[in-house]
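In the UniProt record's numbering, the protein residues as written are 7 to 317.
Even glycine gets a Cβ: it sits at the ideal position worked out from N, Cα and C.
Computed from a predicted structure; not experimentally measured.
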Amino acid sequence: DLTGIDVRAEIERLRKERNAVILAHYYQKPEIQDLADFVGDSLELSRKAAETDADVIAFCGVKFMADTAKILSPEKIVVLPDMDAGCSLEDSCPPEKFKAFREAHPDHIALTYINCSTEVKALSDVIVTSSSAETILQQIPKDQPIIFGPDRHLGGYLSRKFDRPMLLWPGVCIVHEAFSETELLKLKAKHPDAPIAAHPECPPTIVDHADYVGSTSGILKYANEIEGDTLIVATEPHIIHQMERALPNKTFIGAPGADGNCNCNICPYMALNTLEKLYLALRDLQPRIEMDEDLRLAAKKSLDKMLEMAS
Ligand code: 13P
Ligand code: SF4
Numbered sequence: 007d008l009t010g011i012d013v014r015a016e017i018e019r020l021r022k023e024r025n026a027v028i029l030a031h032y033y034q035k036p037e038i039q040d041l042a043d044f045v046g047d048s049l050e051l052s053r054k055a056a057e058t059d060a061d062v063i064a065f066c067g068v069k070f071m072a073d074t075a076k077i078l079s080p081e082k083i084v085v086l087p088d089m090d091a092g093c094s095l096e097d098s099c100p101p102e103k104f105k106a107f108r109e110a111h112p113d114h115i116a117l118t119y120i121n122c123s124t125e126v127k128a129l130s131d132v133i134v135t136s137s138s139a140e141t142i143l144q145q146i147p148k149d150q151p152i153i154f155g156p157d158r159h160l161g162g163y164l165s166r167k168f169d170r171p172m173l174l175w176p177g178v179c180i181v182h183e184a185f186s187e188t189e190l191l192k193l194k195a196k197h198p199d200a201p202i203a204a205h206p207e208c209p210p211t212i213v214d215h216a217d218y219v220g221s222t223s224g225i226l227k228y229a230n231e232i233e234g235d236t237l238i239v240a241t242e243p244h245i246i247h248q249m250e251r252a253l254p255n256k257t258f259i260g261a262p263g264a265d266g267n268c269n270c271n272i273c274p275y276m277a278l279n280t281l282e283k284l285y286l287a288l289r290d291l292q293p294r295i296e297m298d299e300d301l302r303l304a305a306k307k308s309l310d311k312m313l314e315m316a317s
């Protein structure tokens with residue numbers, strides 16, 4: 007029971023006392039984004055985690071992100087406010103099945119989306135994020151066959167854009183799958199001049215209507231560049247908080263799901279983190295990411311490859 011506790015003041019006190027850095031993804035609740043030391047996309051958050059000189063990383067995002075921070079910064083204590091903050095893409099790709107898939111295609115390299123478990127990273131050659139995938143793919147020789155997992159929509163998008171056939175793992179993000187093409191077109195009819203920005207985790211029925219397709223940081227940059235005053239945003243709607251902060255004179259509309267509003271596109275995993283749980287994580291240094299050292303080193307190879315090829 008936290009009645010009577012000033013959670014925000016306690017977070018401030020503990021952040022200093024523990025020499026902690028609070029990292030948050032753009033899909034976190036506004037109150038978490040606002041007190042974080044750094045808010046970013048998956049690639050930027052990985053870089054911050056690798057570079058920080060804090061003793062504790064409080065990761066406000068989902069588990070694969072906190073795992074990535076631990077892989078890159080093993081000497082730090084990494085806490086995740088809610089250990090159940092998973093990801094449907096990670097769940098779709100059990101390591102033993104992924105291993106069998108790889109073994110069935112020994113001439114293919116595994117280009118793998120960062121939204122996966124540490125075990126799957128350890129079975130992969132190069133990790134990508136949505137902001138680094140295009141740069142990395144273009145460095146892979148044309149005749150090299152590729153397995154791409156776990157997001158079939160991101161893989162399919164890259165495959166079509168660069169005319170590169172790929173064997174796709176059949177995973178999806180439940181959040182980006184929930185956008186409705188019919189409702190999007192109805193919204194567009196009401197705002198014919200508003201461009202549409204979409205994350206590549208969206209299915210082709212959404213991406214094909216988009217004026218811009220890119221990562222969360224890419225969509226934020228695009229919001230800055232549009233000529234008109236309204237943008238339709240087809241990704242998790244909490245990102246709109248950053249847009250409204252940076253561009254108060256523009257209007258941002260979350261793309262709708264089948265019920266005609268954007269609430270069904272809130273990521274249920276990201277939403278598990280709260281200020282109260284962040285306070286408890288800083289106080290107790292739990293829930294904490296722990297990892298087998300051999301597994302960590304194996305996963306680090308494909309992540310290091312990403313950091314090297316992305317820059
Ligand atoms: P990015 O922020 O890297 O675009 O990732 C989006 C996402 O779905 C994270 O779970
Ligand atoms: Fe996973 Fe989708 Fe949630 Fe991102 S938005 S954490 S990809 S379920």
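Within 10 angstroms of the beta-carbon of P171 lie fewer than 16 other beta-carbons, which makes it exposed.
With a cutoff of 8 Å, I17 does not count as near the ligand 13P, since its C-beta is closer than that to no heavy atom of the ligand. Taking a 10 Å sphere around the C-beta of R158, we find 16 or more other C-beta atoms and assign the residue as buried. In the DSSP assignment, the residues bridged to A64 are I28, V85. Y228 sits in a helix when the DSSP states are folded into three classes.
Here the alpha carbon of H215 sits roughly 40 Å from the alpha carbon of I295. Closest by C-alpha distance to K311, out of P206, V134, G234, L237, is V134. Per DSSP, Y285 is not a residue of any beta strand (DSSP E); the alpha helix (DSSP H) it occupies stretches across 281 to 290. Rounded to whole angstroms, the Cβ separation of L129 and F104 is 6 Å, and the two are in contact under 8 Å.
Judged by their CB atoms, S137 and G263 are not nearer to each other than the 9 Å cut-off. In the assembly as shown, G67 is a buried residue. Its beta-carbon has 16 or more other beta-carbons within 10 Å. As far as DSSP is concerned, I77 takes part in no beta bridge. No Cβ-Cβ contact shorter than 9 Å links I115 with Q144.
When distances are taken from the beta-carbon of E242 to the heavy atoms of the ligand SF4, the shortest one is below 8 Å.
By the 16-neighbour rule on beta-carbons within 10 angstroms, L303 is exposed. When distances are taken from the beta-carbon of E207 to the heavy atoms of the ligand SF4, the shortest one is below 8 Å. Here DSSP, grouped into helix, strand and coil, assigns I120 to coil. The alpha carbon of C270 has as its nearest neighbour, out of N279, L278, G260, the alpha carbon of G260.
Boundaries of the alpha helix (DSSP H) around L303: 299 to 316. Within the same chain, Cβ atoms closer than 7 Å to the Cβ of G234 are found at D199, A200, the five residues on either side in sequence being excluded. Rounded to whole angstroms, the gap between the alpha carbons of D113 and K306 is 22 Å. Between the C-alpha atoms of K194 and L41 there is a straight-line separation of about 34 Å. Under the DSSP assignment, F258 falls in the beta strand (DSSP E) whose first and last residues are 257 to 260. Residue nearest to C179 within the set Y285, E140, I120, L309 is I120 (criterion: CA-CA distance). Distances from the alpha-carbon of S223 to those of L49, T257, E109 put L49 closest. T236: member of the beta strand (DSSP E) spanning 236 to 240, first to last residue.
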